[in-house]
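When we follow the numbering used here, the leftmost residue of the sequence shown carries the number 5, and every step to the right adds one.
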Amino acid sequence: MGFVQVERDGGVVTITLSAPEKKNAVPQDAWPVLAAELREVANRPEDRCVVLTGAGDDFCSGADVSTMEPAADRHVLQVMREFGDAIEALYTVPQPVIARVAGVCVGVGLNMALCCDLVIAADDARFSEIFARRGLSIDGGGSWSLPRVVGMLKAKELALLADILPADEAERIGLVTRVVPRAELDATVAELAARLAAGPTLALSMTKRLLNQSSQVTLAQALEAEAQAQAVNFGTRDTAEAMTAFMERREPRFEGR
């Protein structure tokens, strides 16, 4: 099996980064595969939630720099653009994405997690923008996502000092959504994924898009985009079902359309 492993069950797509002997460091040839898998998810209405995780005891230790091709054969800029294509595909996939994080979550591993919508971490997780320790500058979209998550001053502290943070500190500064005991990680992620997969797919996708765009638009633009999204919602079966369920005092049964 390849590095990127995909499983589907009940509307939940689990994408596993699988190289546990290297703490799931991402090899160069995996980035186009990851991008292609995410684009396929984006075009499958039956896929209603994504879980991104790592095999074994860790999430991801970053990019596997040992697989970078020599510059004479293929320029590093070309490789980095493939890399960026996968990161953008992860951020823009319309379905909600949960990062299930245990163990090591550093470098591009951390910045992939920051592209997800919920980050659920085990209490043994460790986080770092580790690039400076490797003589590298930040990548994986971290220069864009990190300041938006923790603020510019904290982002500079994390990126320039490359400290390793325990899970509780990552939660305190807002790097993760929730920290749970390691023994409860799978059950917590499964419960949240099931809730999202059972939700109103189109409405959730538009909420995600509105929030992702919020820092780049004016209030007037945001209000107009919200109005357009609600106009779409009122034409869907899921919104009609929600209204009927409210009147009948029962839980709605969303079909994702």
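C-beta: ideal position from N, C-alpha, C; glycine also.
Keep in mind it's a predicted model, so treat the numbers as computed, not measured.
Counting only the Cα atoms, Ala244 lies some 7 Å from Phe238. Annotated three-state conformation of Ala67 is strand, per DSSP. DSSP places Ile134 within a helical segment (H, G or I) once states are collapsed to three.
The continuous beta strand (DSSP E) containing Gln9 extends over residues Val8 to Asp13. In the three-state DSSP reduction, Arg253 falls in the coil class, being neither helix nor strand.
For Phe131, the closest C-alpha among the options Thr18, Gly145 and Gly107 is that of Gly107.
Per the C-alpha coordinates, the member of Gly146, Arg199, Cys109 and Arg152 positioned closest to Gly260 is Arg199.
Gly58 sits in a strand when the DSSP states are folded into three classes. If you compare the alpha carbons of Ser209, Leu223 and Ala197 with that of Val97, the shortest gap goes to Ser209.
Between Val45 and Gln99 the beta-carbon gap is near 6 Å, inside 8 Å, which marks them as a contact. Ser218 is classed as exposed because its beta carbon has fewer than 16 other beta carbons within 10 Å across all chains shown. By the criterion of a C-beta distance shorter than 7 Å, Pro256 is surrounded in its chain by Glu245, Ala246 and Ala249, once the five residues flanking it on both sides are discounted. Given a length threshold of 4 residues, each whole run of the alpha helix (DSSP H) inside the stretch 99-172 is given here in chain order: 112-118, 146-154 and 156-165. In the DSSP assignment, Leu21 forms a beta bridge with Val8 and Gly58. Residue pairing by DSSP places Val97 opposite no residue, since no beta bridge is assigned to it. In the three-state reduction of the DSSP assignment, Val180 falls in the coil class.
Gln232: member of the alpha helix (DSSP H) spanning Leu223 to Asn237, first to last residue. Out of Ser22, Trp35 and Val54, the CA that lies nearest to the CA of Asp13 is found in Val54. Contact check for Ala197 against Val183 fails: the beta carbons are separated by 7 Å or more. Excluding five sequence positions before and after Ala126, the CB atoms of its chain that fall closer than 6 Å to its own CB belong to Ala106, Arg186 and Leu189, given in chain order. Less than 7 Å separates the beta-carbon of Ala90 from that of Trp35.
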